[in-house]
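Chemist: Could you have a look at this structure, given as structure tokens, before my questions?
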Amino acid sequence: MAEARRIDLSAFLRSRRERITPEMVDLAPGPRRRTPGLRREEVAQLAGVGVTWYTWLEQGRPINASPQVLDAISRTLRLDSAERHHLYRLAGQAADPVPVDSGQVTPEMQGILDRLGDMPACVSNSRCDVLAWNDAYAALFPELVAAPEGERNSLWQACVRPEPTTRLLDRDHELARAVAVFRGAYSRHTDSRCWQDFVRRLSAESAEFARLWARQDVADPGPRVKRYKHRELGGLRFSTTSLTAMPEIRLIVYTPMDDKTCRAMSELMSMRESAR
């Protein structure tokens, strides 16, 4: 297991252990408990593994963990599906090989984007770099598509530019979830210098990202309902659907959820056409 992956595994296990209280697993809290959550020896006992072995695993030492042992630890720490897969990847037990991010957008992908009309859509990689988009997406998120290539990233823009033309409502909740989804993808790329540099740069630019990143939360991408407030057109509601176009590449479509949003998108497209 590479050193960067072991460091992440150590931090993740510690954070999940510290959130489980003794009462949650029917253990007496006892006097003078100096650590939040469970002790390492309690996790080892509940998972049926040796205390020394679990301690070494959490310390990031180069030891191997079988799927059966990881399952036992997952149950003890009450990991959900996204967290369990994250643990497997960090422990080197991911079932599928990790493909390399591709920055190539095929003509077929761009053709799909363009045919979606007033429905905003983009192609993004798992690092949240926006690789291609249609006119509706550019009209909705003008600052993002105009950003220089290294910052044309939806997570970067959400953290660094909190007041864009189209502002995300429920921002704190949505940003925390976006960072958790990014954390899940990062576990497939912990040895990548490009991914490491991105995390370092964004942590330096955004204290909010650094705080959320330190929480070690993990989530799966999935359909979402997102609410925005446009600077001129007011409230907008979209359902977002993420479709896998190829390994590590997603087509993300924003479907208007009401007539007001449909009319607003038509108006935005008209304004964009008039400005050309």
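In this text, residue positions in the sequence shown follow my numbering: the first is 2, and each later residue adds one.
Every residue, glycine too, gets a C-beta built ideally from N, C-alpha and C.
Could you spell out the range, first to last residue, of the beta strand (DSSP E) harbouring Val131?
Modeler: Here the beta strand (DSSP E) through Val131 covers 131-134.
Chemist: Along the beta strand (DSSP E) that carries Arg225, what are the first and last residues, could you check?
Modeler: Taken as a continuous stretch (DSSP letters only), the beta strand (DSSP E) holding Arg225 covers 225-231.
Chemist: Quick one: give me the first and last residue of the beta strand (DSSP E) that Ile253 is part of.
Modeler: Taken as a continuous stretch (DSSP letters only), the beta strand (DSSP E) holding Ile253 covers 250-257.
Chemist: Contact between the stretch 262-276 and the stretch 203-210: three or more CB pairs below 8 Å?
Modeler: Judged by Cβ distances under 8 Å, the stretch 262-276 makes no contact with the stretch 203-210, as fewer than three pairs qualify.
Chemist: Less than 8 Å between the C-beta atoms of Val124 and Val146, yes or no?
Modeler: In this structure, Val146 does not lie closer than 8 Å to Val124 by Cβ.
Chemist: In terms of alpha-carbon separation, which member of Leu39, Tyr229, Tyr89 lies closest to Thr56?
Modeler: Comparing Cα positions, the closest option is Leu39.
Chemist: Terminal residues of the continuous beta strand (DSSP E) containing Val124?
Modeler: Segment 122-126, the beta strand (DSSP E) holding Val124.
Chemist: State yes or no: is the C-beta of Ser188 within less than 8 Å of the C-beta of Asp9?
Modeler: Yes, the pair counts as a contact, with Cβ atoms nearer than the cut-off.
Chemist: Comparing alpha-carbon positions, which option in Gly61, Gln60, Val50, Arg62 lies nearest Pro68?
Modeler: Among Gly61, Gln60, Val50, Arg62, the Cα nearest to that of Pro68 belongs to Val50.
Chemist: What residue does the beta strand (DSSP E) around Phe142 start on, and which one ends it?
Modeler: Run containing Phe142: none; DSSP gives neither H nor E here.
Chemist: Buried or exposed: which applies to Glu209, given that a residue is buried once 16 or more other Cβ atoms fall within 10 Å of its Cβ?
Modeler: Label assigned to Glu209: buried.
Chemist: Checking 8 Å against the spacing of the C-beta atoms, do Ala122 and Tyr229 come in under that value?
Modeler: Cβ distance not < 8 Å, so Ala122 and Tyr229 don't count as in contact.
Chemist: Which two residues bound the contiguous beta strand (DSSP E) that contains Leu237?
Modeler: 235-247 is the span of the beta strand (DSSP E), which, as asked, contains Leu237.
Chemist: How is Thr166 classed by DSSP in three states: helix, strand or coil?
Modeler: Coil at Thr166, not helix or strand.
Chemist: With a 10 Å radius around its C-beta and 16 neighbouring C-beta atoms as the bar for buried, classify Asp97 as buried or exposed.
Modeler: Reliability fails at Asp97, whose pLDDT of 48 lies under 50, so the model's placement of it is uncertain and the value that follows must be treated cautiously. Under this definition Asp97 is an exposed residue.
Chemist: Could you pull the start and end residues of the alpha helix (DSSP H) that Ile74 belongs to?
Modeler: Run containing Ile74: 68-77, per the alpha helix (DSSP H) assignment.
Chemist: On a CA-only basis, which of Leu91, Arg178, Arg90, Leu78 is nearest Pro224? Give me that one, please.
Modeler: Of the listed residues, the one whose Cα sits closest to Pro224 is Arg178.
Chemist: Just to confirm, are Ile21 and Ala48 a CB contact at a threshold of 8 Å?
Modeler: Contact: no.
Chemist: Below 8 Å on the Cβ atoms is my contact criterion, and I expect Leu141 with Thr167 to pass it. Report the Cβ-Cβ distance as a whole number of Å.
Modeler: Indeed, because the Cβ distance is near 5 Å, the residues count as touching under 8 Å.
Chemist: Residues in the same chain with beta-carbon distance under 6 Å from Pro23, minus the five sequence neighbours each way, listed in chain order, please.
Modeler: Excluding positions up to five away in sequence, the list reads Pro30.
Chemist: Could you spell out where the alpha helix (DSSP H) holding Arg201 opens and where it closes?
Modeler: Element bounds for Arg201: 194-206.
Chemist: Just list the residues that DSSP pairs Asn65 with in beta bridges.
Modeler: Answer is none; Asn65 lacks a bridge partner.
Chemist: Do you know offhand how far Leu114's Cα is from Ser243's?
Modeler: C-alpha separation (whole angstroms): 13 Å.
Chemist: How is Glu4 classed by DSSP in three states: helix, strand or coil?
Modeler: Here Glu4 sits in helix by DSSP.
Chemist: Mind checking whether Leu252 and Met110 have CB atoms under 8 Å apart?
Modeler: Taking 8 Å as the Cβ cut-off, Leu252 and Met110 qualify as a contacting pair.
Chemist: Rank Gly112, Arg41, Val180, Trp134 by C-alpha distance to the C-alpha of Leu213 and give the top, closest one.
Modeler: Comparing Cα positions, the closest option is Val180.
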